[in-house]
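Okay, so here's the structure we're looking at.
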Amino acid sequence: MLVVDFHTHSIQSMHAINTLEELLNCAWKKNIQAMAITDHSPGIDNTLHYLQNADKFPQDFRRIKGPDYHYFHVLLTRYQSPLEIPVQLFKGIECSILSHSERSTDLPLKLAPLLDIVIGSVHTLPHLFQFQNREQVTEKMIAAMVEPIDIIGHPCQEKSCPNLEPVVKKAAESGIAMELNYCSLHLKKANIKDTTEMLKLAVKYDCSISLGSDAHMSNELGRDDESKVLLNELNFPPELIVNVSLESARTFVASRKKIRQDNLTN
């Protein structure tokens with residue numbers, strides 16, 4: 221079980237099951253010391269895409285929903301965890317890396333300075349990322365590191381895996397963590413070979429690793445079964461894991477948040 225889970229989703233992501241406070245309660249019962257809520261970035265581009273192409277998606281058009289910008293604003297400026305739940309909450313977001321846009325991600329820049337954690341991930345949906353080959357994903361992931369992101373999410377999924385060496389090397393140079401994602405392994409969206417290669421490259425280049433369950437329901441929260449097996453098999457150095465402890469997680473969040481705020485004000 222993870223001590224700190226850096227990748228979770230609430231019902232606000234529209235395809236997850238539990239409310240934020242249900243997740244916090246679950247974390248407490250599982251003795252998880254801290255969690256980051258990282259709901260998907262607002263779906264405005266998604267909505268515009270379908271509005272402009274409604275004739276091509278007659279069924280999907282009626283079901284368009286995405287996290288609302290104002291949800292994030294309220295979360296970041298007003299929400300406080302219940303005092304009776306002694307679990308530290310990091311307020312984050314999982315934004316999408318884009319393949320056909322002037323910007324590299326759909327991260328709302330006005331929210332960026334307020335966020336504790338920013339995950340950037342490739343989601344192979346037509347309006348977000350039209351996959352061509354590994355070289356394309358490599359280029360887009362590296363370009364996204366210029367944006368104020370802290371973690372590359374589920375980088376080893378088979379449908380969107382880059383050439384890992386240049387990505388891990390660039391992440392190490394940028395102070396960005398590569399994610400070891402429980403659900404990707406458990407649901408067999410990522411293969412062991414690529415994930416093992418990523419971890420070996422992380423050691424080679426002194427690149428940070430972030431552990432995340434990618435929970436979309438409470439029973440997935442804090443899970444690290446397959447992740448732990450790989451880490452143990454490789455005798456992976458714990459000092460490279462940014463959320464191996466509550467103290468290391470706080471240090472990573474504070475340092476990355478300062479970098480993000482400085483970059484956005486300069």
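Sequential numbering from 221 applies to the sequence shown in the working numbering. Just so you know, even glycine gets a beta-carbon here, dropped at the ideal spot from N, CA and C.
Would you kindly report the start and end of the unbroken beta strand (DSSP E) that includes residue i?
i, result
"F226", "V224 to T228"
"E399", "A397 to N401"
"L431", "I429 to G432"
"I257", "A254 to I257"
Terminal residues of the continuous alpha helix (DSSP H) containing residue i?
i, result
"I237", "No alpha helix (DSSP H) contains I237, which DSSP labels as neither H nor E."
"F456", "Looking at the DSSP string, F456 is not in any alpha helix (DSSP H), and its letter there is neither H nor E."
"H293", "Y289 to T297"
"M221", "Here M221 belongs to no alpha helix (DSSP H), and DSSP marks it neither H nor E."
"N483", "L466 to T485"
"M437", "It is not in any alpha helix (DSSP H) - M437 carries neither H nor E in the DSSP assignment."
"I412", "I412 to Y425"
Which word fits residue i, buried or exposed, when buried means at least 16 other C-beta atoms lie within 10 angstroms of its C-beta?
i, result
"D482", "exposed"
"D370", "buried"
"N455", "exposed"
"R283", "Its pLDDT being 48, under 50, R283 is placed unreliably by the model, and the measurement read from it follows with that caveat. R283 should be labelled exposed."
"N374", "In the sequence under discussion, the amino acid at residue 374 is His, which differs from the Asn named in the question. H374 comes out buried."
"Y402", "buried"
"L271", "Annotation note: pLDDT 49 at L271 (below 50); position unreliable, coordinate value reported separately. With fewer than 16 other Cβ atoms within 10 Å, it is exposed."
"K478", "exposed"
"M221", "exposed"
"L244", "buried"
"R298", "exposed"
"Q300", "exposed"
"H290", "exposed"
"V224", "buried"
"T471", "exposed"
"A474", "exposed"
"P262", "buried"
"P287", "buried"
"D336", "buried"
"N504", "Given a span of 221 to 486 for the chain in the structure shown, any question on residue 504 remains unanswerable."
"D434", "buried"
"R323", "exposed"
"L303", "exposed"
"L431", "buried"
Give me the Cβ distance between residue i and residue j, rounded to the nearest whole Å; I'm assuming they're in contact under 8 Å.
i, j, result
"V357", "V342", "6 Å"
"I313", "T239", "No, I313 and T239 are not in contact; Cβ-Cβ is about 17 Å, not under 8 Å."
"Q308", "A397", "Actually they do not touch by this definition, with Cβ atoms about 18 Å apart."
"L460", "I412", "Not quite, the Cβ-Cβ distance comes to about 19 Å (not below 8 Å), so this is no contact."
"L329", "L484", "7 Å"
"K379", "S319", "K379 to S319, Cβ: 13 Å. No contact."
"I351", "S316", "Going by the sequence as given, residue 351 is Phe instead of Ile. That belief does not hold up - the Cβ atoms of F351 and S316 are roughly 13 Å apart, past 8 Å."
"A256", "F310", "4 Å"
"I372", "E399", "6 Å"
"V423", "P457", "7 Å"
"T416", "L451", "Between L451 and T416 the Cβ distance is about 10 Å, and since that is not below 8 Å, they are no contact."
"A236", "H436", "4 Å"
"S404", "C376", "7 Å"
"L331", "E385", "That belief does not hold up - the Cβ atoms of L331 and E385 are roughly 32 Å apart, past 8 Å."
Under a CB-based cut-off of 9 Å, is residue i close to chain C?
i, result
"A247", "Checking the listed chains, one finds no chain C in this structure; it contains a single protein chain."
Run the proximity test for residue i: is its beta-carbon closer than 8 Å to any non-hydrogen atom belonging to the ligand GTP?
i, result
"M361", "What this structure holds is no ligand at all, so the ligand GTP is not there to describe."
### Query
For the region 308–394, which segments carrying the alpha helix (DSSP H) assignment without a break, of at least 4 residues, lie completely within its bounds, in sequence order?
354–364 and 384–394
#### Entry: the region 365–377 / the region 441–460 touching (three or more Cβ pairs under 8 Å)
no
### Message
Taking 8 Å as the cut-off, does the region 228–248 touch the region 428–442 (at least 3 CB pairs, one atom from each stretch)?
### Response
yes
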